[in-house]
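S.K.: Position 2 of the sequence shown, counting from 1, maps to 2 under UniProt numbering, and the rest follow consecutively.
Note that beta-carbon positions come from the ideal geometry of N, C-alpha and C, so glycine has one too.
First the structure, then my questions, so here it is.
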Amino acid sequence: MTRLVASVPEIDPPAARETLPAPPRLARAGAAARGWLRPLWLGAADLLYPPQCTWCRAEVQEAHALCPACWREATFISHPLCDRCGSPLSGAEDAPFCDHCLGRALAFGRARAAVLYEGRGRDLTLALKHGDRLDIARPAATWMIRAGRELLEAADVIAPVPLHWRRLLGRRFNQSAELARRIAVRTGAPCCADLLARTRATPMQRGLSREARAANQAGAFAVPARRRARVEGRAVLLVDDVYASGATLSACAAALRAAGAVRVDALCLARVAPEADGPIFSARQSEGSE
């Protein structure tokens, strides 16, 4: 058996002042001066405010990075992995899929995640989701791009998994939308934050079995009529913070396919490693998944 190791109103810009263009020679001199001064300014800023580890605030060489100790506490997913759900494999197996994906009907094609939902990966995911640590989205997006490069190359548009409006009011932001926005900024990929809508509130999935999670999420998502043109005939990449059982991603993918998407893949920050038997998610594991 394989071992599984709200839109912003547009504001008219103020009227620009009429200014005379700078002489070409002076403009070139100014640009050169700025080019020389920028490294000096950045160096001085690093001396005054040294870059800190995204998690523990220890001093690091580059901003928006982890220190060596925190990096060792995070399990970044690498090959070999299941070609379907992205779970890491033991390395001794030649099969392309993990045991949990064999015989399962999932509406999405492939899923990838950057880290396992354990150790520092779990800490960072929960801090982003429940701790208002939006700064974590920047390095997290970098890790996700690395993990899902092939999925990004095949996508026509990326879209976050939506929150129900009541949960969004309580949390004040959608962490999946923030991750999708960061990924779009870094890659230039088109992003549509409201491509999907959550049509009903669903109970938290903490401690539920895979079957109960699927039933909980079934029919909870839809593509708004005004967004169908962006879905029909397109390949969509879903972005979420945690891949747990795949129930949420599969329900989202089913809604996208019903609206005409030709392919749906998924890219997540963290992946919960399923257990071999029984209910696959304890309360501790599923704390960050919905």
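1. By the three-class DSSP mapping on this structure, what secondary structure does residue 183 have?
2. Leaving out five residues on either side along the sequence, give the residues of the same chain with a beta carbon under 6 Å from the beta carbon of residue 232.
3. Unbroken beta strand (DSSP E) runs of length 3 or more, entirely within the stretch 95-138: which are they?
4. Are the CB atoms of residue 140 and residue 179 nearer to each other than 8 Å?
5. Are three or more beta carbon pairs between the stretch 156-170 and the stretch 119-128 nearer than 8 Å?
6. Would DSSP call residue 68 helix, strand or coil?
7. Do residue 113 and residue 86 come within 8 Å of each other at the CB atom, strictly closer than that value?
8. How about residue 200 and residue 220: are their beta carbons less than 8 Å apart?
9. What do you get for residue 241, buried or exposed, if any count of 16 or more other CB atoms within 10 angstroms of its CB means buried?
10. Please classify residue 158: does DSSP put it in a helix, a strand, or coil?
11. Per DSSP, which residues does residue 195 bridge with? Please list them.
12. What do you reckon, are the CB atoms on residue 252 and residue 269 nearer than 8 Å?
13. Would you mind reading off the limits of the alpha helix (DSSP H) that contains residue 167?
14. Taking the alpha-carbon positions, what's the residue 166 to residue 152 distance?
15. Please look up how many angstroms separate the CB atoms of residue 116 and residue 273, rounded, as I've assumed it's under 8 Å.
16. In three-state DSSP terms, what is residue 256?
17. When you compare only the Cα positions, how much space is there between residue 67 and residue 53?
18. Helix, strand or coil for residue 146, going by three-state DSSP, please let me know.
19. Which class does residue 175 belong to by DSSP, given the choice of helix, strand or coil?
M.R.: In short, the structure shows the following:
1. helix
2. 260
3. 111-116
4. yes
5. no
6. helix
7. yes
8. yes
9. buried
10. strand
11. Answer by DSSP bridge pairing: none, since residue 195 is not bridged.
12. no
13. 165-171
14. 31 Å
15. 6 Å
16. helix
17. 5 Å
18. helix
19. helix
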